[in-house]
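There are 2 protein chains.
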Amino acid sequence: MRRFRGEAENKVDAKGRVSIPAPFRRVLEEGDPDWTAGLNPNFVIVYGRRNSKCLEGYSLSSMNDVDDLVSRLPRYSKEREILERLLNSQSIYVQVDENGRIVIPPRIRERAQITSKAMFVGMGDKFQIWEPDSYRHDMVAIDQRLSENNFEDEIYSLLDYNESNSEKI
Amino acid sequence: MRRFRGEAENKVDAKGRVSIPAPFRRVLEEGDPDWTAGLNPNFVIVYGRRNSKCLEGYSLSSMNDVDDLVSRLPRYSKEREILERLLNSQSIYVQVDENGRIVIPPRIRERAQITSKAMFVGMGDKFQIWEPDSYRHDMVAIDQRLSENNFEDEIYSLLDYNESNSEKI
DNA sequence: TCATTTCCCATGATACACCATTAGTTATCG
DNA sequence: CGATAACTAATGGTGTATCATGGGAAATGA
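Same order as they appear, the protein sequences are chains F and Z. For the first sequence, my numbering begins at 1 and goes up steadily by one. For the second sequence, my numbering begins at 170 and goes up steadily by one.
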């Protein structure tokens, strides 16, 4: 399964329309079971994450994967109910139009404080939509963490460590 | 699995096109699950490493290996989130064209300060793309380190150490 | 009705597919 | 065995499809 990769900063017009970056569309198409050549893919935007100011886009198939994970939690457990709430009530089904654009409703745009520009960020099985400056701040924070006492080397070496010691989580 | 070996300095034209060295293409083909004779391989370029000024090319299968390693880190851990960000947002899916070339987008070329030439450097399961002068500087720096109090011998002796002590290197 | 949303068409820039050339290497054949 | 043909690799150039974006007409709905 292809992954969402890369960054793209696109304009949001007065009607709330934004182009989905073409490479992301390819991934969405692949993840939409109903999609065939000539059609436009549909997908899901989740806006429920509280501690990061961005929206998250899931292809239909990867949204299914997440739903499956949730359904493995005990029925009626507090955790499951909250996740169900965040993932289901705080999300919308989105249709890509003929020109590769979507419309983000005002209420949801406000969530991420998106006004005139949107930064699309690949995250593998999902992508994020940020207000560009917020994203850059977030990225600077990551850079700073990485530059602190060889944190980058440390992080990369975690890979080797885990390679030999743990199973897949 | 065949490995990326050797160096090659190729021209980058005004449109950002560069030839992938033919031997590297052979490795990329082998690492692309969808590739068959007659087709051109696809792969991934990662530009997220902070403390080295080069781009890194991964075959699809070795990129998968890296993704798998990351997914063994605890979900939502700081380390994992940072790695996911670096590996996914700071990377692009690349398609080799009929003539064995790729296009490196301007933004990414700037990362490595590549203008008119690119140095391809084999690194086993991945390869690096350098601005040729930067690469030569890096190589000189390595030579100097190696000449300091038998560092070279020390380094090679690490191999013996690991051979006897760990399972996987 | 008036505002908002949805659909359709237009456009400039860019990216991509396609064709051409050169040089070096290997293969073929008289 | 030497000459030439066939191939592959790297590189240059060109036309066309695609992408991101803007604007307006039709449809919707409060």
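We put the beta carbon where it would ideally sit given N, CA and C, even for glycine.
{"query": "Chain Z within 8 Å of V140(F), Cβ atoms only", "result": "no"}
{"query": "Residue range of the unbroken alpha helix (DSSP H) whose run includes S228(Z)", "result": "No alpha helix (DSSP H) contains S228(Z), which is instead part of the beta strand (DSSP E) from 224-228."}
{"query": "Of the listed residues N220(Z), V265(Z), I189(Z), nearest to S147(F) (C-alpha basis)", "result": "N220(Z)"}
{"query": "Cβ-based contacts, 7 Å cut-off: residues of the segment 18-48 of chain F near chain Z", "result": "P23"}
{"query": "DSSP-derived helix/strand/coil call for G6(F)", "result": "coil"}
{"query": "Backbone CA spacing between W35(F) and D67(F) [nearest angstrom]", "result": "20 Å"}
{"query": "Start-to-end residues for the beta strand (DSSP E) that takes in Q264(Z)", "result": "260-264"}
{"query": "C-beta neighbour in chain F for R219(Z), strict 8 Å", "result": "yes"}
{"query": "Endpoints, beta strand (DSSP E) assigned at I298(Z)", "result": "295-299"}
{"query": "Where the alpha helix (DSSP H) containing I108(F) begins and where it ends", "result": "106-111"}
{"query": "Proximal residues, the segment 65-86 of chain F versus chain Z, C-beta separation under 8 Å", "result": "none"}
{"query": "Spatial distance of R101(F) from A287(Z) (CA atoms)", "result": "36 Å"}
{"query": "Where S230(Z) meets chain F, residues with beta-carbon distance less than 7 Å", "result": "Going along chain F, no residue has its Cβ under 7 Å from S230(Z), so there is no contact; the nearest lies around 14 Å."}
{"query": "Min CB distance V121(F) to chain Z below 8 Å", "result": "yes"}
{"query": "Nearest-angstrom Cα separation, counted from E79(F) out to L197(Z)", "result": "44 Å"}
{"query": "Cβ-Cβ distance between P210(Z) and R194(Z) below 8 Å", "result": "yes"}
{"query": "Status (buried if at least 16 other CB within 10 Å, exposed otherwise) for V215(Z)", "result": "buried"}
{"query": "N- and C-terminal bounds of the alpha helix (DSSP H) containing R195(Z)", "result": "191-200"}
{"query": "Alpha helix (DSSP H) segment containing R249(Z), residue limits", "result": "247-253"}
{"query": "R170(F) - DSSP class collapsed to helix/strand/coil", "result": "This structure cannot speak to residue 170(F), because chain F is shown only from 1 to 169."}
{"query": "Residue-chain proximity (I273(Z), chain F), Cβ-Cβ < 8 Å", "result": "no"}
{"query": "Sub-8 Å separation of G291(Z) and G200(Z) beta-carbons", "result": "no"}
{"query": "Residues that I261(Z) contacts on chain F, provided the C-beta gap is smaller than 7 Å", "result": "R5, G6"}
{"query": "Chain-ordered neighbours of S326(Z) on chain F, where CB pairs are closer than 8 Å", "result": "Chain F residues near S326(Z): none, gap ~19 Å exceeds 8 Å."}
{"query": "Neighbour-count burial assignment, M228(F), 16 or more Cβ in a 10 Å radius", "result": "Absent from the structure is residue 228(F), since the part of chain F shown begins at 1 and ends at 169."}
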